[in-house]
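Trainee: Pasting a structure below so you can have a look.
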Ligand SMILES: Nc1ncnc2c1ncn2[C@@H]1O[C@H](COP(=O)(O)OP(=O)(O)O)[C@@H](O)[C@H]1O
Ligand SMILES: [Mg+2]
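Residue numbers (the UniProt record's numbering), protein chains in the order written: chain A, 1 to 295; chain B, 1 to 354.
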């Protein structure tokens with residue numbers, strides 16, 4: 001009996017039974033689609049012939065002349081950069097504020113995480129309503145403050161539509177940053193701050209010389225997680241503007257989606273999503289290298 | 001340089017009072033050691049002095065000014081923390097330079113002072129390292145350097161040597177004391193190690209459960225411990241206690257104990273019949289063939305110059321440190337005596353010195 005048990009454990013000592021399910025999942029849902037995508041980018045689907053045919057480098061060449069691709073790339077970069085900056089700065093500011101143990105802040109911290117429970121598409125719908133030109137509460141407030149011309153519908157105006165979408169994005173995801181930063185702040189040792197207090201440092205000096213450097217790894221992880229997500233943005237623009245007006249909010253993901261599913265250009269859609277993947281990988285790697293934080 | 005004065009200091013954390021009525025004064029240039037077991041409030045008192053903890057009651061004076069509500073940065077003190085509290089993301093140089101940078105001292109002046117401190121503390125080769133790349137002793141010296149460059153009027157040390165190995169500890173002990181002899185900065189040094197207290201202090205403040213038990217020079221607390229607690233705490237080898245009753249025999253007070261009749265000084269404020277506790281330090285026990293304390297040697301430990309005898313006496317274990325000239329063997333009877341002036345007498349009830 002005992003011997004049999006020992007043997008059973010011994011069999012499980014091999015890593016293969018443990019890894020097999022995960023590897024299978026990875027192959028089916030990640031590796032295979034990736035290679036299929038690469039294969040697809042050298043082909044195109046021809047609806048009339050109902051067939052996928054090899055087209056060589058055609059899809060990749062088309063990219064260079066496709067102004068809609070370049071414009072969607074631009075929109076994606078702006079969206080990515082603005083959202084990231086706002087979410088980091090706001091997230092850090094709120095985290096520092098909530099880190100103070102004041103009465104009621106515990107509740108605030110709990111409420112904060114609620115935005116993360118809402119599906120992004122629903123959050124997009126909420127802001128779509130709030131930014132409605134006729135009855136939107138945000139529109140009303142901005143109009144009353146004189147910050148917005150009464151004749152300008154936020155989401156239907158080229159110059160304001162992207163900002164309108166970004167508001168939803170930042171509203172929903174800043175709390176995510178706050179939670180990560182707060183966890184980071186909580187794990188910082190107290191003593192260096194006491195030493196700094198005696199050394200005469202101001203709150204700002206402590207933040208710059210102690211908190212920021214000690215948090216650099218946490219910040220780097222947050223930027224990486226959020227940055228990758230931001231670059232793939234789809235839901236908010238899809239729900240709120242469908243990329244409009246014109247192509248003012250057409251992001252790369254949305255454009256790839258449109259090519260693939262509306263225009264049934266599977267090959268070109270695959271090419272666009274591969275470009276998106278490549279950019280994310282290059283950016284993430286540069287970031288990891290540049291931000292090689294060391295203590 | 002400044003004086004530090006504690007005036008009926010009390011401290012509570014919420015509803016829990018951990019310190020009451022602590023009063024003493026530290027003169028300029030003095031090296032004062034706060035001594036007591038873990039949890040007696042040494043760190044708390046030091047942190048109150050630094051301004052890291054609020055003072056619940058009483059007045060805290062530094063340099064003659066009440067500083068209860070003064071920010072730590074304005075108290076002109078420097079502190080060496082128990083686990084050093086170095087800035088983990090700064091190199092050694094910046095750790096030491098930080099307070100000067102914050103105070104907007106000129107760069108070349110900062111450089112001069114940091115390098116001078118590094119020279120004194122043998123840190124010059126490590127200035128470009130991060131704290132985590134240093135050994136415990138080196139970190140400890142960085143913490144000292146950080147305190148030194150500020151040229152404060154009071155140094156606060158919180159068990160700075162407790163994380164070091166025995167040899168380094170002994171070495172740093174003399175280093176710190178020599179540093180003090182040179183800089184003459186008023187120093188408050190917290191430790192639970194009576195050897196550190198005895199070797200370094202000008203004045204020892206013995207603490208117990210948030211109160212002061214005795215204040216005095218190392219010799220005073222060793223020779224005339226104010227209570228059984230102090231007698232027990234001070235001294236490398238544990239003092240021998242024996243309960244007894246005062247009798248007055250042969251014109252001189254004595255105490256009848258299970259270990260026999262122990263003679264005590266006439267000066268001791270004792271009445272016949274009073275219940276007391278006698279304390280005899282192992283180094284004060286003399287081997288004497290007609291001594292009252294009859295013991296049987298259990299263990300003979302040769303310590304080079306001396307011999308430590310661990311013996312069984314009627315009142316329990318009795319420890320003696322004696323000359324090695326006489327041969328001792330385990331199992332033989334040894335009789336001890338002690339000079340009356342070396343016998344410490346404490347009230348059995350209050351455990352205070354009589
Ligand atoms: N922040 C705190 N909150 C509550 N109790 C504390 C706090 N800090 C210290 N104490 C209590 O105060 C007493 C003295 O602590 P401390 O000053 O650290 O002692 P020591 O340094 O002599 O070991 C201890 O009983 C400890 O539990
Ligand atoms: Mg302590």
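We treat Cβ as the ideally placed atom computed from N, Cα and C, and that holds for glycine.
Who's in the neighbourhood of ligand 1, going by beta-carbon under 6 Å from any heavy atom, listed in chain order?
Mentor: 13(B), 18(B), 36(B), 38(B), 39(B), 40(B), 41(B), 42(B), 43(B) and 44(B)
Trainee: For a cutoff of 7 Å on Cβ pairs, would you count residue 197(A) as touching chain B?
Mentor: yes
Trainee: Considering residue 189(B), what are the terminal residues of the alpha helix (DSSP H) in which it resides?
Mentor: First-last for residue 189(B): 186-191, but that is the beta strand (DSSP E), not the alpha helix (DSSP H).
Trainee: Going by alpha carbons, who is nearest to residue 142(B) out of 92(B), 326(B) and 334(B)?
Mentor: 92(B)
Trainee: Closer than 8 Å by beta-carbon distance: list the chain B residues that pair up with residue 101(A), in chain order.
Mentor: Residues of chain B passing the Cβ test: none, with the nearest at roughly 14 Å.
Trainee: Residue 161(A) touches chain B at which residues, Cβ-Cβ below 9 Å?
Mentor: Residues of chain B whose Cβ lies closer than 9 Å to the Cβ of residue 161(A) do not exist, since the nearest Cβ in that chain is about 42 Å away.
Trainee: In the DSSP assignment, find the alpha helix (DSSP H) that holds residue 62(A) and state where it starts and stops.
Mentor: 58-65
Trainee: Using the Cα positions of residue 149(B) and residue 119(B), report the straight-line distance between them to the nearest angstrom.
Mentor: The alpha-carbon of residue 149(B) is positioned some 12 Å away from that of residue 119(B).
Trainee: For a cutoff of 7 Å on Cβ pairs, would you count residue 102(B) as touching chain A?
Mentor: yes
Trainee: Please go through the segment 40-87 of chain B and give each complete beta strand (DSSP E) segment of 3 or more residues, from N-terminal end onward.
Mentor: With a minimum length of 3 residues, the continuous beta strand (DSSP E) runs that stay inside the segment 40-87 of chain B are 57-62 and 77-80.
Trainee: Quick one: measure Cβ to Cβ for residue 89(A) and residue 165(A), integer angstroms, because I've assumed they're closer than 8 Å.
Mentor: Actually they are not in contact, since the Cβ atoms of residue 89(A) and residue 165(A) sit about 19 Å apart, beyond 8 Å.
Trainee: Report the CB separation of residue 212(B) from residue 221(B) in whole angstroms; it is logged as a contact under 8 Å.
Mentor: Between residue 212(B) and residue 221(B) a beta carbon distance of about 12 Å is seen, past the 8 Å cut, so the two are scored as non-contacting.
Trainee: Could you check if residue 1(A) is buried or exposed, using at least 16 other CB atoms within 10 Å of its CB as the buried criterion?
Mentor: Note on residue 1(A): pLDDT 46, under 50, position unreliable in the model; no value is reported.
Trainee: Considering only the alpha carbon of each residue, which of 117(A), 50(A), 136(A) and 125(A) lies closest to residue 173(A)?
Mentor: If we check each option's Cα against that of residue 173(A), 117(A) comes out closest.
Trainee: Hey, how far is the Cα of residue 245(B) from the Cα of residue 264(B)?
Mentor: 12 Å
Trainee: Against residue 83(B), what residues of chain A qualify as contacts under a CB-to-CB distance less than 8 Å, listed in chain order?
Mentor: 191
Trainee: Residues in the segment 209-220 of chain A with C-beta within 9 Å of chain B's C-beta atoms, listed in sequence order?
Mentor: 209, 210, 212, 213, 214 and 216
Trainee: Could you give the residue range of the beta strand (DSSP E) that holds residue 284(B)?
Mentor: It is not in any beta strand (DSSP E) - residue 284(B) carries neither H nor E in the DSSP assignment.
Trainee: Tell me whether the beta-carbon of residue 277(B) lies closer than 7 Å to the beta-carbon of residue 241(B).
Mentor: Residue 277(B) is a Cβ neighbour of residue 241(B), given a cutoff of 7 Å.
Trainee: Alpha carbons only, please: which of 45(B), 285(B), 65(B) and 255(B) is nearest the one belonging to residue 271(B)?
Mentor: 255(B)
Trainee: Going by DSSP, what residues sit across from residue 344(B) in a beta bridge?
Mentor: 279(B)
Trainee: Which two residues bound the contiguous beta strand (DSSP E) that contains residue 103(B)?
Mentor: Per DSSP, residue 103(B) belongs to no beta strand (DSSP E) and is neither H nor E.
Trainee: Return the first residue and the last residue of the alpha helix (DSSP H) that residue 30(B) is part of.
Mentor: Element bounds for residue 30(B): n/a, residue is neither H nor E.
Trainee: Taking the DSSP output, what are the residues bridged to residue 289(A)?
Mentor: BP columns for residue 289(A) are empty, so no partner.
Trainee: Tell me whether residue 64(A) is buried or exposed, calling it buried when 16 or more other Cβ atoms sit within 10 Å of its Cβ.
Mentor: exposed
Trainee: Measuring only between beta-carbons, confirm whether residue 295(A) sits less than 7 Å from chain B.
Mentor: The predicted position of residue 295(A) is uncertain, since its pLDDT is 42 and thus under 50; no value can be drawn from it.
Trainee: Is there a Cβ of chain B sitting closer than 7 Å to that of residue 71(A), yes or no?
Mentor: no
Trainee: Taking 7 Å as the threshold (C-beta atoms), are residue 297(B) and residue 311(B) in contact?
Mentor: yes
Trainee: Look up residue 17(B) in the DSSP assignment and say whether it is helix, strand or coil.
Mentor: strand
Trainee: Would you say residue 189(B) lies against chain A (beta-carbon separation less than 7 Å)?
Mentor: no
Trainee: Would you tell me roughly how many angstroms separate the C-alpha atoms of residue 193(A) and residue 96(A), rounded to the nearest one?
Mentor: 14 Å
Trainee: Indicate the three-state DSSP secondary structure (helix, strand or coil) for residue 23(B) in the structure shown.
Mentor: strand
Trainee: Does any C-beta atom of chain B lie closer than 7 Å to the C-beta of residue 200(A)?
Mentor: yes
Trainee: Closer than 7 Å, CB to CB, is residue 48(B) near chain A or not?
Mentor: no
Trainee: What do you get for residue 288(A), buried or exposed, if any count of 16 or more other CB atoms within 10 angstroms of its CB means buried?
Mentor: exposed
Trainee: Would you decide whether residue 356(B) is buried or exposed? Buried here means 16 or more other CB atoms lie within 10 Å of its CB.
Mentor: Nothing about residue 356(B) can be read from this structure; chain B reaches only from 1 to 354.
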